[in-house]
Amino acid sequence: MSPPNISPLWTSEEIERATLGRASAPFTVTGLAIDSRKLQPGELYVAIKGENKDGHEFTANAFENKAGAALVSKSVEGGPTITVAHTQRALEDLARAARARSAAKIIGVTGSAGKTTTKEILKLAFEALGQTYASGASFNNHWGVPFSLANFPREAAFGVFEIGMNHFGEIRNLVSFVRPHIALVTTIAPAHLEFFGNCEAIADAKSEIFEGLMPGGFALLPVDSPYCERLRARAKQIGVTNILTFGSAQCADARLISVEEAASGIRLKAEIQGKAIDAVVGAPGAHIASNTLGALLAVSVAGGDAEMAAATLADFAPLKGRGARIKAGNIEIIDESYNANPASMVAALALLSKAPGRKVAVLGDMLELGPQSPDLHAGLAAHLAAADRVFLAGSNMKSLADVLSGASYAANSAELAPLVTEAVRDGDTVLVKGSNGSRMTVVIDALKSRFGG
Numbered sequence: 020m021s022p023p024n025i026s027p028l029w030t031s032e033e034i035e036r037a038t039l040g041r042a043s044a045p046f047t048v049t050g051l052a053i054d055s056r057k058l059q060p061g062e063l064y065v066a067i068k069g070e071n072k073d074g075h076e077f078t079a080n081a082f083e084n085k086a087g088a089a090l091v092s093k094s095v096e097g098g099p100t101i102t103v104a105h106t107q108r109a110l111e112d113l114a115r116a117a118r119a120r121s122a123a124k125i126i127g128v129t130g131s132a133g134k135t136t137t138k139e140i141l142k143l144a145f146e147a148l149g150q151t152y153a154s155g156a157s158f159n160n161h162w163g164v165p166f167s168l169a170n171f172p173r174e175a176a177f178g179v180f181e182i183g184m185n186h187f188g189e190i191r192n193l194v195s196f197v198r199p200h201i202a203l204v205t206t207i208a209p210a211h212l213e214f215f216g217n218c219e220a221i222a223d224a225k226s227e228i229f230e231g232l233m234p235g236g237f238a239l240l241p242v243d244s245p246y247c248e249r250l251r252a253r254a255k256q257i258g259v260t261n262i263l264t265f266g267s268a269q270c271a272d273a274r275l276i277s278v279e280e281a282a283s284g285i286r287l288k289a290e291i292q293g294k295a296i297d298a299v300v301g302a303p304g305a306h307i308a309s310n311t312l313g314a315l316l317a318v319s320v321a322g323g324d325a326e327m328a329a330a331t332l333a334d335f336a337p338l339k340g341r342g343a344r345i346k347a348g349n350i351e352i353i354d355e356s357y358n359a360n361p362a363s364m365v366a367a368l369a370l371l372s373k374a375p376g377r378k379v380a381v382l383g384d385m386l387e388l389g390p391q392s393p394d395l396h397a398g399l400a401a402h403l404a405a406a407d408r409v410f411l412a413g414s415n416m417k418s419l420a421d422v423l424s425g426a427s428y429a430a431n432s433a434e435l436a437p438l439v440t441e442a443v444r445d446g447d448t449v450l451v452k453g454s455n456g457s458r459m460t461v462v463i464d465a466l467k468s469r470f471g472g
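Counting in the numbering used here, the sequence shown runs without a single skipped number right up to 472 at its last residue.
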């Protein structure tokens, strides 16, 4: 995951100072990698020990791929190494060192849905103002956040970091590395209810992001959320004084005036801290409009030109697994296979309802919803009126199948895939959505194999 750098990202001496490790020889590296298969020449391979695999087993492969060095906690051969007491702790040490040496303006993003999409919109918007770095993929957990920070270029003017969680205290820990100047919460929705029980608790967990704000920092809140005032109260408890909102309410600091469909996305009119903005965003959906408002508000409070930033957003495209459009022969697939909770399901189904041709919904389980899971799955029936065909997979989706007349059901995505491919025909728009663990990409692969793409 090496970003472009004008100078080496780390020297062996800097890594030694940050981690208290010992280098076998002097070296410089251009970035960090934790997957030896994706490592680029000149990067530092970090041998993380995970639940199922120990990264030390792949150091030979890393050196074969021309790693500049390896960060390890035990002896390995094949190239320069830096030996530390614990590689995860050393990664966190490098994250803190990278943050400490940076003069960039830092934006942290969390929320129940839309984190990665908003992060990418922020990246595009801030690139209009200066060199911008953003965490990759969904690197928002205990290793992803420090890994992203440790890859933070020295020269970057702006940094955008996604912070996730599924337990109390996770964001509190991760934001201590990021220390943002701006903390943006996308939305609060029923996600990870298995661990939290209710949305008030989820809002409290997300509000931990405010604890890491730099002095004088800004908290940006979704005003249309029923939990906005709870987030505001939590921010005030922590001592945050700069609290701004975005959404459709008249009182919002970034206010959506109108949104309409455009050729490849949406056109929105907004007022960002009193400044009129007219922007085209290259992805459809009301949720995209909300994410865009939050991003442009972040640009504004960072001292940037929101109008200039908005002009870049026509180049934004939906992300793989998060709304990407796939042409497979004469059908169109909306790929929402990476994640799902009730709020994102409703947003995706609203998008499908406006799609051309027959509308086919292929839905997999929403995971980690706890005791409320049956009701939350069954409740999706009210949002499927526009769908011409519905296909459901997974034990949780059985609750929806039981109340939805005419739906086709299978125990898992592998069993559902042939039912979908047999029923879909030219001209259809097919929404495929589910939590990552429901493996709905199996259906997408089957459709691409059947129709081409």
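No residue lacks a Cβ here, since even glycine has one placed at the ideal position from N, Cα and C.
Keep in mind it's a predicted model, so treat the numbers as computed, not measured.
query	result
Limits of the beta strand (DSSP E) - the one that A429 falls within	S427 to A429
Min CB distance L141 to chain C below 7 Å	No chain C appears in the structure shown, which is made up of a single protein chain.
K57 beta carbon near the ligand SAM (any heavy atom closer than 6 Å)	Among the components of this structure there are no ligands whatsoever, and the ligand SAM is therefore not found.
Distance, T137 Cα to I201 Cα	13 Å
Residues that DSSP places opposite L63 in a beta bridge	L51 and A88
Among L212, P375 and L240, the one whose alpha carbon lies nearest that of M385	L212
Per-residue burial, R36 [other beta carbons within 10 Å of its own, 16 or more giving buried]	exposed
Where T102 sits in the DSSP three-state scheme	strand
Separation of I125 from T151, as counted between CA atoms	10 Å
Proximity to G293 [Cα-Cα], best of D324, G216 and A238	D324
Stretch-stretch touch, CB-based, cutoff 8 Å, three pairs: the stretch 346 to 360 with the stretch 311 to 326	no
Option nearest T100 by Cα separation, candidates F180, R458, A44 and I307	A44
As assigned by DSSP and simplified to three states, the class of G163	helix
Own chain residues within Cβ distance below 8 Å of S21, not counting five before or after	With a pLDDT of 48 at S21, under the threshold of 50, the modelled position of that residue is not reliable, and the figure given next carries that caveat. Excluding sequence neighbours, S21 sits near L28, T49, G50, L51, A52, Q59, G61, E62 and N170.
L275, enclosing beta strand (DSSP E) - first and last residue	A273 to E280
For E351, the three-state DSSP class (helix, strand or coil)	strand
Backbone CA spacing between S277 and G304 [nearest angstrom]	13 Å
Euclidean distance between Cα positions of A374 and G87	49 Å
Residues near V194 by beta carbon distance below 7 Å, same chain, minus five either side	G127, I182, E227, I228, E230 and G231
Every unbroken alpha helix (DSSP H) within the stretch 289 to 326, with a cutoff of 4 residues, ordered by chain	305 to 320
Neighbourhood of G389 by C-beta distance below 6 Å, restricted to the same chain and skipping five residues each side	L212 and E213
Beta-carbon proximity check, I34 vs N310, cutoff 7 Å	no
Cut-off 8 Å between Cβ atoms - residues of its own chain near G471, not counting five sequence neighbours on either side	A347 and G348
Paired residues, beta bridge with V409 - DSSP	A380
Cβ distance (whole Å) where G383 is taken to contact G413 below 8 Å	5 Å
Where A475 falls, given that 16 or more other Cβ within 10 Å makes a residue buried	Only positions 20 to 472 of the chain appear in this structure, which leaves residue 475 out of reach.
DSSP-derived helix/strand/coil call for K225	helix
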